[in-house]
Amino acid sequence: MPTPSDYNGKVPAAAGAARTSYVPPHLRNRPLSAEAASAPVARSGGYSAGPRNDRIGGSSSYIGGGGGGWNNRSNGWDRGREREANPFQDDLETEQEFGSRDNTGINFDAYEDIPVETSGKDVPSPVSTFAEIDLGEALNLNIKRCKYVKPTPVQRYAIPISLAGRDLMACAQTGSGKTAAFCFPIISGIMKSSQSAPSPPSFSRMAYPFALILSPTRELSVQIHEEARKFAYQTGVRVVVAYGVIDCSGQLRDLEKGVDILVATPGRLVDLLERARVSLQMVKYLALDEADRMLDMGFEPQIRRIVQQMDMPPAGVRQTMLFSATFPKEIQCLAADFLSNYVFLAVGRVGSSTDLIVQRVEYVLETDKRSHLMDLLHAQIANGNQGKQALTLVFVETKKGADALEHWLCINGFPATSIHGDRSQQEREYALRSFKSGKTPILVATDVAARGLDIPHVAHVVNFDLPNDIDDYVHRIGRTGRAGKTGLATAFFNDNNSSLARPLSDLMLEANQEVPAWISRFAARSSYGKNRRGGGGGRFGGRDFRRDTSYNRGGTDYYSVGAGHSSNGYNASSGYGPATVTSAWD
DNA sequence: AAAAAAC
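In terms of full-length UniProt numbering, the first sequence has 164 at position 164, counting the first letter as 1, and numbering is strictly consecutive.
Quick look at the structure:
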């Protein structure tokens, strides 16, 4: 179990000076009377010069009024003025609306025999209860409020690993509790270390988050923010989200009020860094959600810029956690640049009784897709599968295609809406709400909705247009069958998708799905996807590329230990041997 | 070739 000194080992020497006046996060939310008493002595740490105290003492209005701006992480004084909104309020309302809603709880029976694999040096042991982990009283209370009874597989492994201060690359299906897996250690770590945290190093309107969480879409950032706010409720740890167009929702104001955990999309964060509204020099935790997407061709330059070319502490000083349901080898290779002596964690995806998604592939010509979709929707209605308890998510390839299909569905009497990158943020958020509430139980979407979004009650995912990449398919169908519930995924396949035939049929075979015989005709034609997973079998969304025999970084820190050091090092006595490979399956 | 993400 980590001690506070584990968390503070890298804190500058000046830290001690701040101790007496600093108000740690867990005390920031005390009632106003208690706060007021300590206000005049708001932290005057080593960095803090006179002006800060003058400002605090002499001004009755805080942030926003004067524009001078100061990072007020340092005082709990103004925090008491605003009551922290109860982030659990929405849950109560939704719960009433849906009657006995049980999706806050995970169906643990379905996860009982899930395969788990770890690799890396000295992998910390997993836990089986939250009680075994010292997360702190406030966080434990929030876990109860979230109705989490016991940790999910990814949480059982990832939380001890990250509490031990280790970097992590984790493959786990979204909906299996990933967000909590990286939020709990971050919140807990910030609470513990804050007792001796250094002051922000300058006097400006810049924000100095301790933790940075990046995700590839605005909606996913919103979702992570909402979840993180629940976990951080009344801990004093402040969570702020930044995404999309300039400050339509008071994001800049929130930043100025101080931030401990910043959740952001990459473009927005680059913008904030350029405007010098955010500094990354205090970042102790970096988490990338949907990390393989964050490091693909479209995002990689931005991520490199943020992580390597700004003022963020380097790998090894900060703690880095990468999460995704899929982790292609090439991306793992790239990701190694951002990690230091990391643990690789893979939580089973398919191939066991945990597979809760029934997958179907149907041969549908381009011209027949619409009428075929209508048949499916009619059949669903005939089965009594409709309304807000049985939402249908339809994926198409293009934004134009999404608009067209939405329009066509609507004029044919189907209550549909759509979400894609050409719609305004307002429209996007409205569409998502309208879908979630069941007002429009059909949502037509581009890949913007493929990853990470947690939408309860999605009973059916239709791949109206199949993606070109099997990993995208995996993420898309993962919008159903969540939290232990079952789901259906139907794909419309035709000659345009022949490149996907082999990986798709492989994936379905792994998942014990019925694969139509005709698909092998296409599979034979294409060589795409061969060995994409490093021949590592299909139980996982990925396999540690460091274990691949073709990978040899000889002389790097990964395999520096041990006699009999082989070309891959995996079976050498370097800590990668079978003894450290744990599996809940065996 | 398309999608996502800042102004």
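Every residue, glycine too, gets a C-beta built ideally from N, C-alpha and C.
Given this structure, state the Cα-to-Cα distance separating residue i from residue j, to the nearest angstrom.
{"i": "Glu-366", "j": "Met-374", "result": "14 Å"}
{"i": "Gln-155", "j": "Asp-289", "result": "15 Å"}
{"i": "Gln-251", "j": "Tyr-148", "result": "30 Å"}
{"i": "Glu-84", "j": "His-225", "result": "15 Å"}
{"i": "Ala-336", "j": "Phe-182", "result": "19 Å"}
{"i": "Leu-326", "j": "Gly-175", "result": "Checking the sequence, you will find Thr at residue 326 rather than Leu. Those two C-alpha atoms are separated by around 13 Å."}
{"i": "Arg-423", "j": "Thr-217", "result": "13 Å"}
{"i": "Gly-481", "j": "Ile-357", "result": "5 Å"}
{"i": "Ala-346", "j": "Ala-170", "result": "6 Å"}
{"i": "Val-240", "j": "Gln-223", "result": "12 Å"}
{"i": "Gln-173", "j": "Val-245", "result": "30 Å"}
{"i": "Gly-413", "j": "Ala-382", "result": "15 Å"}
{"i": "Tyr-473", "j": "Lys-436", "result": "22 Å"}
{"i": "Pro-124", "j": "Ala-158", "result": "9 Å"}
{"i": "Met-312", "j": "Asp-368", "result": "52 Å"}
{"i": "Arg-275", "j": "Ile-261", "result": "19 Å"}
{"i": "Gln-380", "j": "Pro-441", "result": "12 Å"}
{"i": "Thr-486", "j": "Ala-459", "result": "8 Å"}
{"i": "Asn-496", "j": "Arg-305", "result": "37 Å"}
{"i": "Ser-498", "j": "Thr-446", "result": "20 Å"}
{"i": "Gly-136", "j": "Leu-212", "result": "21 Å"}
{"i": "Arg-546", "j": "Ser-128", "result": "28 Å"}
{"i": "Gly-165", "j": "Glu-510", "result": "35 Å"}
{"i": "Leu-168", "j": "Thr-118", "result": "10 Å"}
{"i": "residue 640", "j": "Ser-505", "result": "Examination of residue 640 is not possible in this model, given that the chain is present from 1 through 586 alone."}
Assuming residue i and residue j make a contact with CB atoms under 8 Å, what is their CB distance in whole Å?
{"i": "Gly-120", "j": "Val-343", "result": "4 Å"}
{"i": "Leu-391", "j": "Ile-455", "result": "7 Å"}
{"i": "Leu-439", "j": "Gly-421", "result": "Checking the sequence shown, residue 439 turns out to be Lys, not Leu. Actually they do not touch by this definition, with Cβ atoms about 22 Å apart."}
{"i": "Gly-177", "j": "Thr-152", "result": "4 Å"}
{"i": "Val-270", "j": "Arg-238", "result": "Val-270 to Arg-238, Cβ: 22 Å. No contact."}
Smallest Cα separation from residue i: which of the options?
{"i": "Val-283", "options": "Phe-210, His-225, Pro-301", "result": "Phe-210"}
{"i": "Ala-287", "options": "Gly-267, Thr-179, Asn-412", "result": "Thr-179"}
{"i": "Leu-214", "options": "Arg-502, Arg-370, Arg-293, Asp-122", "result": "Arg-293"}
{"i": "Asn-341", "options": "Ile-331, Tyr-430, Asp-122", "result": "Asp-122"}
{"i": "Met-321", "options": "Phe-545, Gln-302, Leu-163", "result": "Leu-163"}
{"i": "Ile-161", "options": "Gln-319, Ile-261, Asp-548", "result": "Gln-319"}
{"i": "Glu-256", "options": "Pro-266, Lys-144, Leu-272", "result": "Leu-272"}
{"i": "Gly-542", "options": "Leu-509, Glu-330, Asp-403", "result": "Glu-330"}
{"i": "Phe-88", "options": "Leu-139, Ile-133, Arg-145, Lys-439", "result": "Arg-145"}
{"i": "Arg-433", "options": "Glu-219, Phe-464, Val-237", "result": "Glu-219"}
{"i": "Phe-464", "options": "Pro-503, Ser-371, Gly-452, Arg-521", "result": "Ser-371"}
Helix, strand or coil, according to DSSP, for residue i in the structure here?
{"i": "Thr-132", "result": "In the sequence on display, residue 132 carries Glu and not Thr. Residue state, collapsed to three classes: helix."}
{"i": "His-372", "result": "helix"}
{"i": "Cys-171", "result": "strand"}
{"i": "residue 588", "result": "What is shown of the chain runs 1 to 586, which leaves residue 588 out entirely."}
{"i": "Ser-324", "result": "strand"}
{"i": "Leu-139", "result": "helix"}
{"i": "Thr-367", "result": "helix"}
{"i": "Leu-443", "result": "strand"}
{"i": "His-457", "result": "coil"}
{"i": "Leu-280", "result": "coil"}
{"i": "Glu-397", "result": "coil"}
{"i": "Ala-179", "result": "Note on identity: in this sequence residue 179 is Thr, with Ala being the wrong assignment. Note: Thr-179 maps to helix in three-state DSSP."}
{"i": "Glu-35", "result": "Residue placement at Glu-35 is flagged as unreliable, the pLDDT there being 37, under the threshold of 50; a coordinate-derived value is accordingly withheld."}
{"i": "Asn-463", "result": "strand"}
{"i": "Val-222", "result": "helix"}
Going by the CB atoms, is the gap between residue j and residue i shorter than 9 Å?
{"i": "Tyr-363", "j": "Asn-494", "result": "yes"}
{"i": "Phe-231", "j": "Asn-86", "result": "no"}
{"i": "Ala-291", "j": "Ala-264", "result": "no"}
{"i": "Ala-416", "j": "Leu-443", "result": "yes"}
{"i": "Pro-467", "j": "Ala-489", "result": "no"}
{"i": "Pro-115", "j": "Gly-348", "result": "yes"}
{"i": "Val-278", "j": "Val-515", "result": "no"}
{"i": "Ala-131", "j": "Ile-187", "result": "no"}
{"i": "Phe-395", "j": "Val-462", "result": "yes"}
{"i": "Gln-359", "j": "Gln-513", "result": "yes"}
{"i": "Val-448", "j": "Ile-470", "result": "no"}
{"i": "Ala-491", "j": "Ala-523", "result": "no"}
{"i": "Gln-302", "j": "Pro-266", "result": "yes"}
{"i": "Met-206", "j": "Gly-236", "result": "no"}
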